[in-house]
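Student:
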Amino acid sequence: MQSRRDELVETALRLFYMHGFNATGIDKILAEAGVAKMTLYKHFRSKDELILAVLNRRDEQFRNWLMSEMEKASQDPRERLLAMFDALETWFQGKAFKSLGFNGCAFINAASEFGDQLHPIHRTCAEHKQRIVEYLERLCAEAGAEDPAALAEQLALLKEGAIATAHVRGMPEAAKAAKSIAEGLLPTGN
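Residue numbers for the sequence shown follow UniProt numbering, so the first one is 1 and each next one is one higher.
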């Protein structure tokens with residue numbers, strides 16, 4: 001059974017992801033979660049605190065899902081890196097997070113709404129993206145890349161471009177195009 005706090009965070013995640021962070025009011029979240037305003041303020045001092053909790057939940061949820069998809073694809077680090085794009089395609093098709101579907105990246109969306117790079121919400125989004133890059137860098141090193149940090153950044157850029165293209169242009173096949181480019185970047189053998 002979920003706690004009231006968890007219900008609030010899950011409801012807010014769904015609504016923020018579907019409608020935007022600034023466009024979604026606290027009253028809508030409370031109504032959908034079926035909790036009183038007092039309950040909200042017992043757990044969160046502000047809407048920004050709730051947004052940070054949502055982003056932390058989404059970070060954990062998304063990274064666990066992505067890494068799990070990559071790791072179950074193969075023991076080979078090169079194949080795991082390529083499997084990232086297969087996982088993205090599944091997400092873009094709305095098959096990965098059924099309760100949420102695909103509405104772009106929650107972190108890109110939040111960072112665009114909170115554009116000041118010093119804002120805690122923007123920083124949380126940047127930290128999520130950095131954690132993904134660090135994971136990719138480790139796999140790039142395992143795959144025998146000459147410069148794992150540079151290759152990880154290139155793969156992250158392909159990932160982000162695929163997410164933006166899939167969302168803005170409605171092209172889930174952007175993941176396949178990004179994978180094709182990634183194949184040419186990755187070392188071919190250890």
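Beta carbons are placed, not taken as given, at the ideal position from N, Cα and C, and that holds for glycine.
Is the distance from the Cβ of Asp48 to the Cβ of Ile121 below 8 Å?
Tutor: Numbered from its first residue, the sequence shown carries residue 48 at position 48. Numbered from its first residue, the sequence shown carries residue 121 at position 121. For Asp48 and Ile121, yes; Cβs fall inside 8 Å.
Student: Using a Cβ distance threshold of 8 Å, determine whether the stretch 164-179 contacts the stretch 131-145, with at least three qualifying pairs required.
Tutor: no
Student: When you compare only the Cα positions, how much space is there between Glu7 and Lys42?
Tutor: The residue you call residue 7 lines up with position 7 of the sequence shown. The residue you call residue 42 lines up with position 42 of the sequence shown. When rounded, the distance between both Cα atoms is 14 Å.
Student: Go through its chain and collect everything with a Cβ distance to Gly20's Cβ below 8 Å, but skip five positions before and after it.
Tutor: Locating residue 20 in the sequence shown gives position 20, counting from the first residue. Counting only Cβ-Cβ distances below 8 Å, and skipping sequence neighbours, we find Asn109, Glu113.
Student: For Glu183, count the other beta carbons within 10 Å of its own beta carbon; 16 or more makes it buried, fewer makes it exposed. Which is it?
Tutor: As a first step, residue 183 must be located in the sequence shown, where it is residue number 183. Its Cβ having fewer than 16 others within 10 Å, Glu183 is exposed.
Student: Using CA atoms only, rank isn't needed, just tell me which of Val54, Thr165, Ala156 is closest to Leu81.
Tutor: By one-based count along the sequence shown, residue 81 stands at place 81. Among Val54, Thr165, Ala156, the Cα nearest to that of Leu81 is on Ala156.
Student: If you count every other CB in all the chains shown that lies within 10 Å of the CB of Met38, and 16 or more means buried, which is it?
Tutor: Working through the sequence shown from its first residue, we reach residue 38 at position 38. That one is exposed.
Student: For Glu160 versus Ala149, is the C-beta distance shorter than 8 Å?
Tutor: Counting from one through the sequence shown, the residue named residue 160 turns up at place 160. Counting from one through the sequence shown, the residue named residue 149 turns up at place 149. Cβ distance not < 8 Å, so Glu160 and Ala149 don't count as in contact.
Student: Could you work out which residue in Phe44, Leu55, His128, Leu88 is closest to Thr165 when comparing CA atoms only?
Tutor: By one-based count along the sequence shown, residue 165 stands at place 165. Looking at the Cα atoms, Leu88 is the closest of the given residues.
Student: Within the same chain, show all residues whose beta-carbon is closer than 6 Å to that of residue 242, passing over the 5 residues directly before and after it, in chain order.
Tutor: It is not possible to answer for residue 242, since the shown part of the chain is limited to 1 through 190.
Student: Do Leu158 and Ala126 count as a contact pair if the criterion is CB distance below 8 Å?
Tutor: Here residue 126 corresponds to residue number 126 of the sequence shown, with the count starting at 1. Here residue 158 corresponds to residue number 158 of the sequence shown, with the count starting at 1. Between Ala126 and Leu158, the C-beta spacing is not below 8 Å.
Student: What alpha helix (DSSP H) runs, 4 residues minimum, are completely inside the stretch 44-81?
Tutor: 47-73
Student: According to DSSP, simplified to helix, strand and coil, what is Asn22?
Tutor: The count along the sequence shown starts at 1 and reaches residue 22 at position 22. In the structure shown, Asn22 sits in coil (DSSP, three-state: anything other than H, G, I, E or B).
Student: What separation, rounded to the nearest whole angstrom, lies between the Cα atoms of Leu30 and Val9?
Tutor: Position 30 of the sequence shown, counted from the first residue, corresponds to residue 30. Position 9 of the sequence shown, counted from the first residue, corresponds to residue 9. If you take the alpha carbons of Leu30 and Val9, they lie about 11 Å apart.
Student: Could you have a look at Ala182 and say whether DSSP puts it in helix, strand or coil?
Tutor: Residue 182 sits at position 182 when you count from the first residue of the sequence shown. Of the three classes helix, strand and coil, the one that applies to Ala182 here is helix, per DSSP.
Student: At 4 residues or longer, what runs of the alpha helix (DSSP H) sit wholly inside the stretch 116-179?
Tutor: 120-142, 148-169
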